[in-house]
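Colleague: Numbering (my numbering), first residue to last: 1 to 556.
Built from N, CA and C at the ideal position, the CB exists for glycine as well.
Structure provided below as structure tokens; questions to follow.
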Amino acid sequence: MSIVEQTKNKIIEEIKQAVVASGMVESEQIPDFVLEIPKEKSHGDYATNIAMQLTRIARKNPRQIAESIVGHLNKEAASVSKVEIAGPGFINFYMDNSYLTGVIGQILEAGETYGKTNAGGGKKVQVEFVSANPTGDLHLGHARGAAFGDALCNVLDMAGYDVSREYYINDAGNQIVNLARSIEARYFQALGRDMEMPEDGYFGKDIIEFGKELAERHGDKYANMSPEERFVFFRNWGRDKELEKIKKDLADFRVYFDDWFSETSLYEQGLVEQSVEELRKRGYVYEQDGATWLRSTEFGDDKDRVLVKQDGTYTYLTPDIAYHENKFSRGFEQLINIWGADHHGYIPRMKAAMQCLGHNPEQLVVLINQMVSLYQGGEKVKMSKRTGKAVTMRDLMEEVGTDATRYFFTMRSQDAHLDFDMDLAVSKSNENPVFYVQYAHARICSIFRQAEEQGITFQPDKGEFIRLTSEKEVDLLKHLGAFPQEIAAAAEMLAPHRIVRYVHELASMLHSFYNAERVITEDEGLTQARLALMKAVQTTLANALRLLGVSAPQKM
RNA sequence: GUCCCAGUAGCUCAGUUGGAUAGAGCAACGGCCUUCUAAGCCGUGUGUCGGGAGUUCGAAUCUCUCCUGGGACGCCA
């Protein structure tokens with residue numbers, strides 16, 4: 001446990017004892033209250049609202065209650081130097097901040113692992129994200145999902161959850177048939193023969209390239225095959241080709257998966273059929289109009305859903321039920337799916353299906369990534385699936401860079417629409433927030449280079465840390481100490497964008513300190529103490545950026 | 001028509017699960033480099049928190065209702 005957390009817990013403990021000692025309520029009756037760091041510095045280092053929370057039980061006005069609590073508070077035990085009552089009844093605590101320097105030692109010792117907690121208690125969580133059909137390039141929406149999902153996994157991992165990252169490959173449905181037909185058409189076109197693209201075909205430029213590639217390498221070899229044989233070849237070749245490209249794109253985006261789960265494998269193991277049978281056994285399946293239905297309305301869905309169509313094939317839902325059942329069978333306690341906004345209507349039926357199979361619907365959390373609008377030159381960039389004119393994730397990485405793209409996508413809460421300003425992201429100027437944070441890291445690296453040039457060896461001495469008492473130094477120490485709890489909160493709230501805010505604030509404090517004080521001075525002890533502080537900030541910046549998938553450059 | 005998400009400064013967005021005078025970046029203006037990187041710092045101001053009603057010591061946050069924008073409502077995936 002971090003020193004900051006220990007100190008905070010101690011204050012909470014002392015408050016509770018003071019409340020009981022004041023004789024207002026028994027310890028079991030103490031209501032929920034918060035001990036928070038006030039926004040306003042003039043409100044102390046910590047503040048609590050307990051007096052207001054007690055008004056109803058104690059039947060006194062909050063200021064009187066606060067007086068009574070303060071009168072019974074053991075200040076020494078809570079390492080509090082001063083207490084004030086303010087506003088409607090807040091109790092403000094002013095701390096003896098010397099304990100804060102302890103965080104430096106903790107950070108230097110922990111290094112890359114600073115920020116790690118066991119808040120998640122090793123809970124087995126699976127996060128499924130991206131899961132784009134292997135039928136074309138990853139686009140903007142996928143990039144957002146990838147950046148958000150990966151950052152979320154990193155945060156969960158750091159907060160002590162046992163995280164597994166998974167990509168579901170939809171390689172069994174109609175879309176893969178359309179892929180084969182599209183490649184076939186492009187191949188014949190590349191050979192100079194007429195063939196129309198299928199109605200639901202994929203019009204991306206990548207498919208055109210595939211056609212050319214096959215025509216150049218193998219000439220009319222496939223044109224001479226039987227249509228059936230040709231279809232199978234194009235289907236498998238196209239799927240592998242698309243997957244390879246997706247994996248490459250994601251790797252370049254610094255996103256990796258523990259498992260790539262194939263839809264086809266569900267069929268091969270008979271799991272789809274098995275799930276339908278299980279649902280039938282549980283009494284949630286019926287036949288009507290020549291189709292097989294799931295009684296999903298039983299669990300809050302708008303209408304019942306078809307599992308097996310009139311033509312005997314499955315709907316998209318059916319293998320997906322089998323897939324989720326399979327996830328549970330692998331022992332995951334919590335499933336998190338990250339879906340695009342266009343799939344949100346699908347959530348109730350999936351949850352209903354899970355309940356039909358006897359699962360608690362709360363074990364499945366679906367996070368929706370809202371739409372991304374791209375702006376360039378002040379205008380919204382138009383996308384068209386039909387013509388294949390869409391900005392791909394690859395385009396973004398090449399034009400904007402991985403660091404800026406990932407930072408921008410993680411910067412915002414994922415359930416809000418995002419306007420992505422390409423001109424801003426691409427600009428190498430102070431308008432660009434990602435540089436601001438990276439620059440803080442590079443600046444510290446530069447200080448250490450400078451120290452080395454001057455023949456100073458970094459030898460942190462804990463005895464000197466008490467000299468870090470300036471306002472900027474205390475700000476930094478407090479913020480550094482809050483990092484582990486910040487990660488735990490981000491994990492709990494499934495909100496990695498909180499880390500972006502945290503790291504931006506830390507960078508801001510560093511820049512502010514940098515302009516106010518000098519690290520390398522004639523005073524050896526102070527120099528060492530400040531170098532140690534800088535090392536702690538550098539480590540924390542790097543750890544936070546790593547969670548976001550953004551690099552921490554040595555130089556800029 | 002039903003459901004989901006959103007509506008906060010000129011723009012893009014935060015808002016620590018109901019707290020004190022609602023914040024940040026960008027944009028605007030004025031200062032700061034013979035000293036560790038000026039991609040930086042310091043200062044200046046801007047709000048009917050979409051409207052209305054309610055809940056209470058206290059509401060951007062919770063409830064209801066209405067308005068606006070986006071999305072979803074297939075035996076497509």
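Which same chain residues end up closer than 7 Å to Leu152 when comparing Cβ atoms and leaving out the 5 residues on each side of it in sequence?
Modeller: Val127, Leu494, Pro496
Colleague: Taking the alpha carbon of Ser470 as the reference point, which residue from Ile50, Thr101, Arg63 has its own alpha carbon closest?
Modeller: Of the candidates Ile50, Thr101, Arg63, the one whose C-alpha sits nearest the C-alpha of Ser470 is Thr101.
Colleague: Rounded to whole angstroms, how far is the Cβ of Leu548 from the Cβ of Thr410, which I believe are closer than 8 Å?
Modeller: 5 Å
Colleague: For Ser551 and Gln438, I'd like the C-alpha separation in whole angstroms.
Modeller: Taking the CA atoms as reference points, Ser551 sits about 8 Å from Gln438.
Colleague: In this structure, does DSSP put Ser551 in helix, strand or coil?
Modeller: coil
Colleague: In chain order, what residues of the same chain have a beta carbon less than 6 Å from the beta carbon of Leu317, not counting five sequence neighbours either side?
Modeller: Only Arg305 meet the Cβ criterion.
Colleague: Which residue spans inside the region 312 to 378 form an unbroken alpha helix (DSSP H) run of at least 4?
Modeller: 317 to 329, 347 to 356
Colleague: Mark Thr48 as exposed unless 16 or more other C-beta atoms lie within 10 angstroms of its C-beta, in which case mark it buried.
Modeller: buried
Colleague: With H, G and I counted as helix, E and B as strand and the rest as coil, what does DSSP make of Asn236?
Modeller: helix
Colleague: Output yes or no for whether 9 Å exceeds the beta carbon distance between Glu5 and Pro484.
Modeller: yes
Colleague: Given a cut-off of 9 Å on the beta-carbon distance, is the pair Ile37 and Val103 in contact?
Modeller: Cβ distance not < 9 Å, so Ile37 and Val103 don't count as in contact.
Colleague: Taking the alpha helix (DSSP H) that Leu477 belongs to, which residues open and close that run?
Modeller: 471 to 481
Colleague: On the three-state DSSP scale, how would you describe Ile91?
Modeller: Note: Ile91 maps to strand in three-state DSSP.
Colleague: Just list the residues that DSSP pairs Glu184 with in beta bridges.
Modeller: Answer is none; Glu184 lacks a bridge partner.
Colleague: Return the residue from the list Ile69, Arg349, Gln274, Phe90 that minimises the CA-CA distance to Lys303.
Modeller: Arg349
Colleague: Between the alpha carbons of Asp31 and Val25, how many angstroms are there, rounded?
Modeller: In the sequence as displayed, the identity of residue 31 is Pro instead of Asp. So the alpha carbons of these two residues sit roughly 10 Å apart.
Colleague: Based on DSSP bridge pairs, tell me the residues matched to Thr297.
Modeller: Paired residues: none, contrary to the question.
Colleague: Could you work out which residue in Gly300, Gly111, Leu468, Phe513 is closest to Ile347 when comparing CA atoms only?
Modeller: Gly300
Colleague: Can you check which of these residues, Ile520, Gly105, Val474, Leu510, is closest to Tyr94 by C-alpha distance?
Modeller: Val474
Colleague: Considering only the beta carbon of each residue, do Pro319 and His441 sit closer than 9 Å?
Modeller: no
Colleague: With DSSP as the reference, label Thr264 as helix, strand or coil.
Modeller: Three-state DSSP puts Thr264 in a helix.
Colleague: Within 10 angstroms of the Cβ of Pro134, are there 16 or more other Cβ atoms? Answer buried if so, exposed if not.
Modeller: buried
Colleague: Counting only runs that start and end within the region 85 to 146, where is the alpha helix (DSSP H) found for 4 or more residues in a row?
Modeller: 102 to 110
Colleague: To the nearest angstrom, how far is the alpha carbon of Ser164 from that of Tyr323?
Modeller: 15 Å
Colleague: Do you know how far the Cα of Phe257 is from the Cα of Leu541?
Modeller: 25 Å
Colleague: Can you tell me the Cα-Cα spacing of Glu379 and Ala251, whole angstroms?
Modeller: 30 Å
Colleague: Report yes if the C-beta distance between Asn170 and Ser131 is below 9 Å; otherwise report no.
Modeller: yes
Colleague: How many angstroms separate the CA atom of Thr402 from the CA atom of Leu396?
Modeller: 8 Å
Colleague: Where does the unbroken alpha helix (DSSP H) through Gln55 begin, and where does it stop?
Modeller: According to the sequence shown, residue 55 is Thr rather than Gln. Where Thr55 is concerned, the enclosing alpha helix (DSSP H) stretches over 55 to 58.
Colleague: From what residue to what residue does the beta strand (DSSP E) around Leu307 run?
Modeller: 305 to 308
Colleague: DSSP three-state call for Ile169: helix, strand or coil?
Modeller: The answer is strand: DSSP assigns Ile169 an E or B state.
Colleague: Note down the Cα distance separating Gln269 from Lys555, rounded to an integer number of angstroms.
Modeller: Approximately 53 Å, taken between the alpha carbons.
Colleague: Please give the ranges of any beta strand (DSSP E) in the region 265 to 294, keeping only runs that are unbroken, at least 3 residues long and fully inside the region.
Modeller: 285 to 288, 291 to 294
Colleague: Would you kindly work out how many angstroms separate the C-alpha atoms of Gly145 and Glu399, rounded to a whole number?
Modeller: 19 Å
Colleague: So, Ala147 versus Leu73, is the Cβ gap smaller than 9 Å?
Modeller: In this structure, Leu73 does not lie closer than 9 Å to Ala147 by Cβ.
Colleague: Determine the contact status of Ile520 and Ile456, defining contact as a CB-CB distance below 9 Å.
Modeller: yes
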